[in-house]
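Numbering follows the working numbering, with no gaps: position 156 of the sequence shown is 151. Beta carbons: idealized from backbone N, C-alpha and C, even for Gly. What follows is a short report on a single structure.
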Amino acid sequence: MSKEKVLLLFDKNRPFWTKKLVALAGESPEELDVLESLGLVAPRGDGFVLTEKGKEQFRRWAAESWLEEEPGEEPEDIVLEERRLELALRFDLGFKGFKGHKQIFIRPKLSFFPNLPKDRIYSYTAGNFKWLFMNDPLIRNMQDLFPRDRKPKAEDLKTLEKWIAERKVSVGEFVPDLLCLNQCDYEYYWRDNVPTDRWGLLNKDRIFIRYLAQPESATIEDFAEDIAQYALFLLDNRLVYLPSCFDIDTQQQSTFTWWIWCVDTVSQAKELSRKLKPLANILAAPASPTDLWLLTMETLRAYDKKAESFYEFVDEVARCITR
């Protein structure tokens, strides 16, 4: 069964695997050589991708295992794909999810609205940064239509659909590299549900991660674009999908929603911190309550424990720049 299990790792969200990452996932990396000899995977860079024959075999073995998964396509950027996968695996291994339930998604396809033009989102001139979108008429209209302190109900989705159609509201795509959801004390929450919980975020702490391959070339505008999408996504949930239960859960406990930029080395993180720290709280403001963090692959790889909770894990491997 080992070669079957290794081949089934190559799903649409994890199309590229190296021997090190297969071992990190708890499987036998030698099975990659077996799969290559059978013509099911082909070498790419330091790792492997599925061949056409491998995709066909993936579908057969997935069906036999009652898995509703699709085989992965060869990625355009295998280095970036490798980093995303390693991030996901190390986050999964890094903490226990004490008395709870954790989920980790690679490149989840989320969306946000309204998708405003850049000149209505922020201004950045002569070193002065200012958010604009919270005073935009469309945002004000949405806040009036969906009061933040009301209780969610199924009819809200029809109201949203009508509003988007009538106002011709543009919807944007929001795709972080990683989304980690953590729900503590699962037995207390599993019966709770909200009909408008579109993204499955109810009663969960959330970590959104963006990997930066070349942080030295990233600009304030790049970081602002990340946070604008993040903040608008959170605003949609606070106003429309999970009003009254996004930042405080159904058991009246606080939930955490954090944004993390991840780089390769500690030295890169230090340089990035110097660039971002003066503006960090301004950047975070429209997404508040939230925190912005910096994380490195170097620190993750050196972490040899399993923290009791994700709070402990993040606190040990990342650095908050908004406190």
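Note to self: Check whether the stretch 101 to 113 and the stretch 35 to 42 are in contact - that is, three or more C-beta pairs closer than 8 Å.
What the structure shows: no
Next item on the list: Report buried or exposed for residue 288, applying the criterion of at least 16 other Cβ atoms within 10 angstroms of its Cβ.
Entry: Its Cβ being crowded by 16 or more others within 10 Å, residue 288 is buried.
Check: Apart from the five residues just before and just after residue 46, which ones in its own chain have a Cβ nearer than 8 Å to its Cβ?
Finding: 34, 35, 36, 37
Checklist line | Buried or exposed by the 16-neighbour rule on C-beta atoms within 10 Å, applied to residue 303 | finding: exposed
Note to self: Which runs of the beta strand (DSSP E) at least 3 residues long sit entirely within the stretch 19 to 46? Give them in chain order.
What the structure shows: 36 to 39, 42 to 45
Next item on the list: Could you check the C-alpha separation between residue 157 and residue 215 for me, to the nearest Å?
Entry: 36 Å
Next item on the list: Classify residue 125 as helix, strand or coil using the three-state DSSP reduction.
Entry: strand
Notebook entry, point to check: By how many angstroms is the C-alpha of residue 64 removed from the C-alpha of residue 54?
Noted result: 8 Å
Check: residue 167 bridges to which residues according to DSSP?
Finding: 107
Note to self: Can you tell me which residues form a DSSP beta bridge with residue 66?
What the structure shows: Note: residue 66 sits in a beta bridge opposite 6.
Notebook entry, point to check: Looking at C-beta atoms only, is the number of pairs between the stretch 235 to 253 and the stretch 196 to 205 that lie closer than 8 Å three or more?
Noted result: yes
Notebook entry, point to check: Which residues does DSSP pair with residue 97 in a beta bridge?
Noted result: 177
Next item on the list: Take the Cβ of residue 230 as the centre, count every other Cβ of all protein chains shown within 10 Å, and call the residue buried at 16 or more, exposed below.
Entry: buried
Next item on the list: Pull up the DSSP beta-bridge partners for residue 268, would you.
Entry: Answer by DSSP bridge pairing: none, since residue 268 is not bridged.
Check: Buried or exposed: residue 290, going by 16 or more other Cβ atoms within 10 Å of its Cβ?
Finding: Buried, by the Cβ-count rule.
Margin query: Excluding the 5 residues flanking residue 126 on each side, which residues of the same chain have their C-beta closer than 7 Å to its C-beta?
Written below: 117, 280, 281
Item checked: Simplified DSSP state of residue 222, which is helix, strand or coil -> helix
Next item on the list: Look up residue 151 in the DSSP assignment and say whether it is helix, strand or coil.
Entry: helix
Item checked: Rounded C-alpha distance that separates residue 97 from residue 175 -> Cα-Cα distance, rounded: 7 Å.
Next item on the list: Can you tell me which of 77, 50, 49, 56 puts its alpha carbon nearest to the alpha carbon of residue 14?
Entry: 77
Check: Ends of the beta strand (DSSP E) at residue 255?
Finding: In this chain, the beta strand (DSSP E) harbouring residue 255 covers 252 to 258.
Next item on the list: From the DSSP output, read off the bridge partner residues of residue 144.
Entry: Answer is none; residue 144 lacks a bridge partner.
Check: When you compare only the Cα positions, how much space is there between residue 107 and residue 148?
Finding: Looking at the two C-alpha atoms, the distance is approximately 20 Å.
Notebook entry, point to check: Name the DSSP beta bridge partners of residue 249, please?
Noted result: Residue 249 is bridged to 243.
Next item on the list: Kindly identify the DSSP beta-bridge partner or partners of residue 202.
Entry: 175, 253
Note to self: Looking at the secondary structure, which residues open and close the alpha helix (DSSP H) in which residue 275 lies?
What the structure shows: 275 to 279
Check: Can you name, in chain order, every residue of its own chain whose Cβ lies under 7 Å from the Cβ of residue 110, other than the five neighbours on each side?
Finding: 165, 166, 167
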